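Notes follow the structure.
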Amino acid sequence: MATRNFTDAELRCQCGCGAINPNPLFDVLMDKVQELRVLYGKSLKVTSGYRCPKHPLEARKNKAGQHSIAAIDLSVSRGEAHEVLRIALLLGFTGIGVNQKGNGRFIHLDLRDAPTIWSY
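If you count the sequence shown from 1, position 16 lands on 673 in our numbering, and the numbers rise without skipping.
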């Protein structure tokens, strides 16, 4: 689901199929991501949106991962990551993964049932 600041192209599966997430929970997620973007006040780059079951990262899992349900990874680092994390907690994202090492820094956001925070 495209929003004011996020396009369908950014959110499609990147395995080559170009699929858009069919799960209604993804619309709920994107409403929250859009709200995060508004509160943050700066653009956010999507590094991973929907992943279809055939996406290489999903295909090797025993069960569907959060990206095949409703999840997004946003490229942010250092102080930006701190602010995005603060807003994400305020908005009630329940799955938050933080990768702040190396060149591929990002924050993962989803709406899983049990609140969980982890680092990569």
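All C-beta atoms, glycine included, are put in the ideal place defined by N, C-alpha and C. Computed from a predicted structure; not experimentally measured.
By Cβ distance, which residues of its chain are closer than 6 Å to residue i, with the 5 residues on each side in sequence left out?
i	result
S776	V755
D770	none
Identify whether residue i lies in helix, strand or coil by the three-state DSSP scheme.
i	result
F683	helix
L731	strand
I753	strand
S700	coil
Which one of the options has the shortest CA to CA distance from residue i?
i	options	result
R735	S700, V685, E715 and R762	R762
Y707	N678, Q691 and Q757	N678
P713	A659, R694, G673 and A666	G673
G722	P681, K711 and R743	K711
Give the range of the beta strand (DSSP E) segment to which residue i is assigned.
i	result
H765	F763 to D767
With respect to the alpha helix (DSSP H) encompassing residue i, which residues constitute its N-terminal and C-terminal limits?
i	result
D665	D665 to L668
P772	Premise fails: P772 is in no alpha helix (DSSP H) and is neither H nor E.
A716	P713 to A716
Going by the CB atoms, is the gap between residue j and residue i shorter than 7 Å?
i	j	result
E715	S725	yes
A727	N662	no
L682	I729	no
L768	L686	yes
Q691	T660	yes
Within a Cβ cutoff of 8 Å, which residues of the same chain sit near residue i, ignoring the five residues on either side of it in sequence?
i	result
V741	L693, Y697, L701, L731, V733 and I764
D684	M658
G749	K689
Excluding sequence positions up to five away, which residues of its chain have a Cβ less than 7 Å from the Cβ of residue i?
i	result
I774	I753
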